[in-house]
Every structure is written in C-alpha cells, then in structure tokens.
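Position 65 of the sequence shown, counted from 1, bears residue number 65 in my numbering, the numbering being contiguous throughout.
Cβ coordinates follow ideal geometry from the N, Cα and C atoms, glycine included.
See structure below.
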Amino acid sequence: VQPPYRKVGAGPLDTAAVHIDTWVPADHLVARPGTGLAAISWGLAHERMSIAGQVASSCQRVLGVTHARMVQRRQFGARLFEHQALR
1 VQPPYRKVGA
11 GPLDTAAVHI
21 DTWVPADHLV
31 ARPGTGLAAI
41 SWGLAHERMS
51 IAGQVASSCQ
61 RVLGVTHARM
71 VQRRQFGARL
81 FEHQALR
C-alpha cells in the first residue's frame, strides 16, 4: 500500500495505490492482463451514474413531498406556498 494521495476537497477520504502481485488462473480473469485500470474505471463510471440516478429520484420525491406540505399547511392566514420567502 502506497502513501495516501493528497487530494483537494476530499482529504478525509484516504485513497492510496495498492499493488497486488499474485497469480490468477486464466479462466478467473475479469479483464485482459494490463487493462485492469480501464476495467475498474468503466465499472466506477457506471456505478456513479447509477448512484446519480438514485439521488435524482430521491430529490424529486423530496421536492414533491415538500410541495404538497407547503400547499396544505397554513400559517399567518395563508398557505406556506403563498409566502414569497418560501417559494
């Protein structure tokens, strides 16, 4: 394990290079020898897109619940949605 990378904005997340020197049977390889970084990068990109989709869906749900509550609840004689500061 190499020393942790110096990163901007993600300092508390320890990330370091790991070198593993081992033998893997040919029928157990998930990528061609020497293409591991490309294989991992491809997988991480798809994982990030999947997570982004889940987050977008959660945000949409939260906005819907918030809007419904603002339309329903009344305060100071008006619906919350009618207050300019909350729009």
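I think residue i touches residue j, with their Cβ atoms under 8 Å apart; what is that distance to the nearest whole Å?
{"i": "V71", "j": "R79", "result": "6 Å"}
{"i": "A39", "j": "V30", "result": "6 Å"}
Which residues in the same chain have their Cβ closer than 6 Å to the Cβ of residue i, if we skip the five residues on either side of it in sequence?
{"i": "S57", "result": "none"}
{"i": "A17", "result": "Q2"}
Rounded to the nearest angstrom, what separates residue i and residue j at their Cα positions?
{"i": "S50", "j": "R74", "result": "38 Å"}
{"i": "T66", "j": "V24", "result": "53 Å"}
{"i": "C59", "j": "H83", "result": "22 Å"}
{"i": "H28", "j": "G64", "result": "47 Å"}
{"i": "L87", "j": "A52", "result": "Looking at the sequence shown, residue 87 is not Leu but Arg. Roughly 26 Å between the two C-alpha positions."}
{"i": "R6", "j": "A68", "result": "45 Å"}
Bridge partners of residue i, per DSSP?
{"i": "R74", "result": "R79"}
Please work out which residues of its chain come closer than 7 Å, Cβ to Cβ, to residue i, disregarding the five sequence neighbours upstream and downstream, and give them in chain order.
{"i": "A10", "result": "none"}
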